[in-house]
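124 is the number of the first residue of the sequence shown in this note's numbering; add one for each residue after it. Don't be surprised by glycine CBs; every beta carbon is placed ideally from N, CA and C. Since this is a predicted model, take the numbers as computed values, not measurements. Take a look at the structure below.
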Amino acid sequence: KLQEIFELADMVTVLRDGQHINTLPVSEVNEDKLVQMMVGRELELSARRGEVKPGEVRLRVESLSGRGFSKISFELRAGEVLGVAGLVGSGRSELVETIFGVLPVTEGRILLGAEDITRHSVAYRAGLGMALVPEDRQFAGIIFTMVLKQNLSLPGVVLGAREFGRLVISGARESKVACETMQKLRVVAGSPEAEMQSLSGGNQQKVVIGKWLLLKPSVFILDEPTRGIDVGAKAEIHKLIRELADQGRAVLVVSSELPELLALADRILVMREGRLMGEVCGERRCEQEIMRLAVAGVE
124 KLQEIFELAD
134 MVTVLRDGQH
144 INTLPVSEVN
154 EDKLVQMMVG
164 RELELSARRG
174 EVKPGEVRLR
184 VESLSGRGFS
194 KISFELRAGE
204 VLGVAGLVGS
214 GRSELVETIF
224 GVLPVTEGRI
234 LLGAEDITRH
244 SVAYRAGLGM
254 ALVPEDRQFA
264 GIIFTMVLKQ
274 NLSLPGVVLG
284 AREFGRLVIS
294 GARESKVACE
304 TMQKLRVVAG
314 SPEAEMQSLS
324 GGNQQKVVIG
334 KWLLLKPSVF
344 ILDEPTRGID
354 VGAKAEIHKL
364 IRELADQGRA
374 VLVVSSELPE
384 LLALADRILV
394 MREGRLMGEV
404 CGERRCEQEI
414 MRLAVAGVE
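This is the structure we're talking about:
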């Protein structure tokens, strides 16, 4: 983490693409300058999202209980970014996996729009407009025996997305859609035929996000969307999350990085030991308040 450089180091060396860029005292550089040297261009680092007026309710969770959590209730509206914070073991990932249908519901209801999807499959939920970018992209988000373009097109092929139209598609059509998505998300790869293991962590994550964008989901769930990726890709994914909300999508972001949640989310739900301890928004939106709820569990 960049902050550790400023806390611990006297000198800093920047490498990019196997080349030495610069070595200089930490006292002579700030975070913006360091990031610019690392990625070779200026980035818009995450500032807090401005005030928004959310639209209609897209996702409603009512007294939901499942593996690792119980009695969780909240609403997510169109145009809103809702954050979920909590320590390891708080039930954050289990909650979103249950909402998406990966894990079973033991009690409560999940409504997507006006439809009760509590007992429906992952495929049904995805077909209705729900998407999940999982915490472990290499285990649950990528198929490494498939090349880049096949990973991008897989949900669309299986669900019969309009971009493909049928289960068996031509390689040319698949490559065209892959190239368009790669350009839009700035995926750095040799070609649509690139092996997934040849991509950096940030570019792998863009592919995981990109495959769902083709389905134009109304509810987008991202679990640790920037874990293990470089600062350049992180800024681009933050920008994409804001764009999704600006387009009217309802976005749910789980993250262990509090600055990330504070920059992206309009409201932040805080979990502790499987329980929802409170909501942080407005003037209360700060790291200290989130940690107070996550550790002490006192609203």
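Counted within 10 angstroms of its Cβ, other Cβ atoms place residue i as buried (16 or more) or exposed
i: ARG134; result: According to the sequence displayed, residue 134 carries Met and not Arg. The residue in question, MET134, is exposed, as its Cβ has fewer than 16 Cβ neighbours within 10 Å.
i: HIS143; result: exposed
i: ASP155; result: exposed
i: LYS329; result: buried
i: VAL211; result: exposed
i: ALA246; result: exposed
i: PRO348; result: buried
i: ARG309; result: exposed
i: LYS357; result: buried
i: VAL421; result: For VAL421, the pLDDT reaches just 48, beneath the cut-off of 50, and the residue's location in the model is therefore unreliable, leaving the point undetermined.
i: LYS362; result: exposed
i: ASP369; result: exposed
i: SER321; result: exposed
i: THR304; result: buried
i: VAL219; result: buried
i: LEU336; result: buried
i: ILE266; result: exposed
i: ARG139; result: exposed
i: ARG242; result: exposed
i: ALA386; result: buried
i: VAL204; result: buried
Integer Cβ distance of residue i from residue j, believed to fall under 8 Å
i: ALA417; j: GLY250; result: Incorrect: roughly 35 Å between the Cβ atoms, too far for contact.
i: ALA254; j: PRO340; result: 4 Å
i: ASN145; j: MET160; result: 6 Å
i: GLY206; j: ARG415; result: Between ARG415 and GLY206 the Cβ distance is about 16 Å, and since that is not below 8 Å, they are no contact.
i: GLU318; j: VAL270; result: 6 Å
i: VAL256; j: VAL331; result: 5 Å
i: ASP353; j: SER323; result: 7 Å
Residue from the options with nearest C-alpha to residue i
i: GLU238; options: GLN306, GLY231, ARG181, CYS404; result: ARG181
i: LYS272; options: HIS243, CYS302, SER188; result: CYS302
i: SER188; options: PRO315, ILE233, LEU322; result: ILE233
i: GLY355; options: ASP369, LEU381, GLY325, GLU383; result: GLY325
i: ARG248; options: PHE267, ARG260, ILE222, VAL270; result: ILE222
i: LEU384; options: GLY351, GLU230, ILE364, ILE265; result: ILE364
i: LEU125; options: GLU380, GLU179, ILE360; result: GLU380
i: GLU185; options: LYS334, SER193, VAL393; result: SER193
i: GLY333; options: PRO148, SER314, GLU220, SER276; result: SER276
i: GLY178; options: LEU336, GLU402, LEU157, GLY236; result: GLY236
i: LEU338; options: GLU402, MET414, ASP259, PRO278; result: PRO278
i: GLU127; options: LEU138, ASN153, ARG242; result: ASN153
i: PRO227; options: ARG296, GLU359, ARG190; result: ARG190
i: VAL158; options: THR136, LYS176, GLY141; result: THR136
i: GLU230; options: SER196, ILE413, LEU367; result: SER196
i: ARG350; options: VAL175, GLU130, LYS307, GLU258; result: GLU258
i: GLN327; options: GLN261, GLN306, PRO382; result: GLN261
Residue(s) in a DSSP beta bridge with residue i
i: ILE233; result: VAL184
i: ILE344; result: LEU255, LEU375
i: GLY401; result: VAL393
i: ALA208; result: VAL393
i: ASN145; result: VAL137
i: ASP239; result: LEU234
i: GLU318; result: VAL270
i: PHE192; result: GLY189
i: LEU199; result: LEU182
For this session: Give a yes or no on contact between the region 364-377 and the region 339-346, applying the rule of three or more CB pairs nearer than 8 Å.
Result: Short answer: they touch.
Problem set entry | Sufficient close CB pairs (3 or more, under 8 Å) joining the region 209-229 to the region 396-405 | Contact between the region 209-229 and the region 396-405 is present, because at least three Cβ pairs lie under 8 Å.
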